[in-house]
Amino acid sequence: MNYLYNLPKSFKPKYNFDLIRLGRNNDGGYLVGENTIKNTENLISIGIYDDWSFEKDFRKRKKILNLLMIDNQLDIFFLIKSFFIKKYIKLKLIAIRNIIDYFLFVKNNFQHFYVSKKNFKTILQPYKKNIFLKIDIEGSEYNLLNEIVHFKNRICGIAIEFHSADVNIKKIENFIKDLGFYITNIHINNYSTFGKNLIPKVIEITLEKKPRIVKYSYINENNLNHRNNVYKKDLKICYK
16 MNYLYNLPKS
26 FKPKYNFDLI
36 RLGRNNDGGY
46 LVGENTIKNT
56 ENLISIGIYD
66 DWSFEKDFRK
76 RKKILNLLMI
86 DNQLDIFFLI
96 KSFFIKKYIK
106 LKLIAIRNII
116 DYFLFVKNNF
126 QHFYVSKKNF
136 KTILQPYKKN
146 IFLKIDIEGS
156 EYNLLNEIVH
166 FKNRICGIAI
176 EFHSADVNIK
186 KIENFIKDLG
196 FYITNIHINN
206 YSTFGKNLIP
216 KVIEITLEKK
226 PRIVKYSYIN
236 ENNLNHRNNV
246 YKKDLKICYK
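Numbers in my numbering are just positions in the sequence shown, counted from 1, shifted up by 15.
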């Protein structure tokens with residue numbers, strides 16, 4: 016039996032949207048609207064660690080796309096070290112693939128530094144319109160929320176993972192309200208569980224400015240969502 020997790024009613028998508036999955040199955044993939052992908056000119060991914068499947072799929076869908084990936088941990092030494100600490104052949108093969116892919120795909124679109132509130136403006140400044148942001152920075156996302164709202168006229172969509180959501184739920188709610196975008200998808204990351212008031216600790220949200228609506232009602236979570244952790248039950252949302 017799946018547990019029910021409480022989120023405010025304002026988090027519930029109003030409609031069913033035309034969404035596809037970008038990125039690998041399970042952890043690392045996000046749902047994004049076809050219309051938003053079509054309109055995106057600049058993809059900025061902050062926090063990629065060792066998984067850039069989302070960015071590769073986005074590039075396949077939109078050939079003419081400025082791509083910038085940023086992470087303060089990833090570099091070739093990190094990937095080589097990852098190979099040596101993997102215990103199983105399958106994981107070692109994935110590590111080898113990542114090393115090759117780092118040179119073929121990542122390196123020319125990548126910068127190695129820590130993103131802060133102070134330098135976030137500098138990152139976005141050169142991109143004047145149609146930016147899609149993907150953000151997964153393990154709790155530091157809250158430092159960027161006000162700046163994202165400041166640049167909202169340049170942004171067409173966001174896929175963001177919120178950590179410690181149970182104790183920051185009002186911050187998230189206010190951010191969504193100030194941004195004024197549609198919530199097109201919301202999903203609980205089942206690597207974590209629940210916290211205060213049975214609110215999930217980690218949630219993934221897609222926000223889009225002009226998504227295409229396919230049905231003017233919302234009943235169930237999109238079945239393109241996958242369990243982040245395949246060894247644990249998926250977690251269902253109860254809106255209060």
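Heads up, the beta-carbon is just placed ideally off N, CA and C, and yes, glycines get one too. Just so we're clear, the structure is a prediction, and the values are computed from it rather than from any experiment.
Excluding sequence positions up to five away, which residues of its chain have a Cβ less than 7 angstroms from the Cβ of residue i?
i	result
Ile187	Phe177 and Ala180
Asn243	Asn41, Asp42, Asn204, Asn205 and Tyr206
Met16	Note that Met16 scores 43 on pLDDT, short of 50, meaning its location in the model is unreliable; the coordinates nonetheless yield the value given after this. Contacts found: none.
Glu162	Lys132, Phe135 and Lys136
Ile111	Phe98
Asn124	Leu82, Leu83 and Met84
Taking the alpha helix (DSSP H) that residue i falls in, what are its first and last residues?
i	result
Lys78	Looking at the DSSP string, Lys78 is not in any alpha helix (DSSP H), and its letter there is neither H nor E.
Phe190	Ile184 to Leu194
Val245	Segment: none, Val245 is in no alpha helix (DSSP H) and carries neither H nor E.
Thr208	Counting along the chain, Thr208 falls outside any alpha helix (DSSP H), and DSSP gives it neither H nor E.
Val164	Leu160 to His165
Lys230	Looking at the DSSP string, Lys230 is not in any alpha helix (DSSP H); the run it does join, the beta strand (DSSP E), is Ile228 to Lys230.
Leu139	Lys132 to Leu139
Lys53	Glu49 to Asn54
Spatial neighbours of residue i within its chain, please: C-beta separation below 6 angstroms, excluding the five flanking residues on both sides.
i	result
Leu83	Ile59
Phe209	Tyr20 and Pro215
Tyr254	Leu22, Lys24 and Lys27
Ser68	Gly38, Arg39 and Gly43
Ala174	Tyr45, Lys149 and Thr221
His127	Asp90
Asp193	Val164
His241	Asn40 and Asn41
Candidates the options: which alpha carbon is nearest residue i's?
i	options	result
Asn57	Lys77, Asn41 and Gly44	Lys77
Ile201	Lys251, Leu194, Gly195 and Thr208	Lys251
Lys256	Ile95, Phe93, Thr51 and Gly43	Nothing in the structure corresponds to residue 256, since the chain is present only between 16 and 255.
Ile52	Asn41, Asp65, Ile35 and Asp66	Ile35
Phe118	Ile220, Ile91, Ile191 and Lys107	Ile91
Tyr45	Ile150, Phe128, Phe93 and Leu108	Ile150
Lys29	Asp249, Lys248, Lys230 and Asn240	Lys230
Tyr129	Val182, Ile198, Lys96 and Gly62	Gly62
Lys122	Leu89, Lys211 and Asn237	Leu89
Phe166	Thr137, Lys211, Asn113 and Ile111	Thr137
Arg169	Pro141, Ile184, Val182 and Ile152	Pro141
Asn237	Leu108, Thr199, Phe120 and Lys101	Thr199
Phe120	Lys75, Lys102, Leu213 and Leu160	Lys75
Val182	Lys211, Glu219 and Gly195	Lys211
Leu213	Glu156, Arg227 and Ile184	Ile184
With a threshold of 8 angstroms on Cβ separation, who are the neighbours of residue i within its own chain once the five nearest residues in sequence on each side are excluded?
i	result
Thr5	This structure does not reach residue 5, given that the chain is present from 16 up to 255, and the question cannot be answered.
Lys225	Asn50, Thr51, Asn54 and Cys171
Leu239	Leu34, Ile35, Arg36 and Leu46
How would you write the range of the beta strand (DSSP E) that residue i sits in, first residue to last?
i	result
Phe177	Ile170 to Phe177
Val7	Limits of the chain in this structure are 16 at one end and 255 at the other, which puts residue 7 out of reach.
Lys149	Ile146 to Ile150
Tyr254	Lys251 to Tyr254
Arg39	That residue, Arg39, is in no beta strand (DSSP E); it is neither H nor E in DSSP.
Report back the beta-carbon spacing between residue i and residue j to the nearest angstrom; my notes put them in contact at under 8 angstroms.
i	j	result
Tyr233	Asn31	6 angstroms
Phe190	Val217	So it is not a contact: roughly 16 angstroms between Cβ atoms.
Asn87	Ser131	With 8 angstroms as the limit, Asn87 and Ser131 do not qualify as a contact, their Cβ atoms being about 10 angstroms apart.
Glu223	Tyr197	5 angstroms
Ser97	Asp65	6 angstroms
Asn113	Leu94	5 angstroms
In chain order, each beta strand (DSSP E) run of at least 3 residues that lies wholly inside the region 57-126: Counting only runs of 3 or more, we get 57-61 and 81-85.
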